[in-house]
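In this text, residue positions in the sequence shown follow the UniProt record's numbering: the first is 1, and each later residue adds one. Note that the Cβ used here is the ideal one computed from N, Cα and C, for glycine as well. One structure below.
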Amino acid sequence: MKIQSFPSISDANAKILILGTMPGAQSLTLNEYYGNRRNHFWQLLFAIFNEPYTTDYQEKKSLLLKNHIALWDVLQDCVREGSLDSAILQEVPNDFTNFLKAHPNITHIFFNGQQAAKFFKKYVTVDNNYTLVTLPSTSPANAGISYEGKLKAWRQILR
């Protein structure tokens with residue numbers, strides 16, 4: 001099945017870009033980044049910024065913008081059955097050349113998992129002005145790392 005990613009959540013003040021690979025099936029159904037309630041992404045971000053967690057999607061988006069974070073996916077579209085990144089075929093990357101030009105304050109790009117980093121490095125070349133950091137995937141499929149372990153790693157965003 002051919003699927004498409006969402007538009008970025010971003011504004012001109014973004015200093016950090018967090019990249020996933022492609023929304024999973026539940027996220028696509030809900031039309032929300034990290035819509036799978038078992039995915040730790042939103043819980044981790046609210047914990048990192050010492051904010052009370054909420055399921056309200058508008059408040060989630062506001063948390064990102066308030067903390068100068070842009071959120072997007074590496075891939076614009078692909079063919080995939082199910083939600084696993086390992087099942088991605090016929091991938092097409094998003095337009096990072098224009099995105100980064102439109103967001104000149106971004107200095108750090110964080111990848112939500114190895115697959116996001118892999119696809120980014122396959123299709124995108126950026127200069128040394130950017131710090132690239134691969135973080136553990138927040139996906140429930142990444143059960144090898146505890147929530148606490150993910151939280152410790154994801155705190156790098158604060159530096």
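Could you tell me the alpha carbon to alpha carbon distance between residue i and residue j, rounded to whole angstroms?
i: Val92; j: Phe111; result: 17 Å
i: Arg38; j: Gln26; result: 10 Å
i: Lys2; j: His108; result: 30 Å
i: Pro136; j: Phe41; result: 10 Å
i: Asn67; j: Ile48; result: 11 Å
i: Tyr57; j: Asn31; result: 10 Å
i: Gln4; j: Leu19; result: 15 Å
i: Asn142; j: Asp127; result: 30 Å
Could you please give the first and the last residue of the uninterrupted beta strand (DSSP E) stretch that includes residue i?
i: Asn67; result: Unbroken run through Asn67: none, as it is neither H nor E.
i: Gly20; result: 16 to 20
Taking only three categories from DSSP, how would you classify residue i?
i: Thr29; result: helix
i: Asp77; result: strand
i: Ile109; result: strand
i: Glu91; result: strand
i: Leu135; result: strand
The alpha helix (DSSP H) spanning residue i covers which residue range?
i: Thr97; result: 96 to 102
i: Leu45; result: 41 to 48
*Assess, as a yes-or-no matter, whether the segment 86 to 103 is touched by the segment 8 to 20 under the definition of 3 or more beta carbon pairs within less than 8 Å.*
yes
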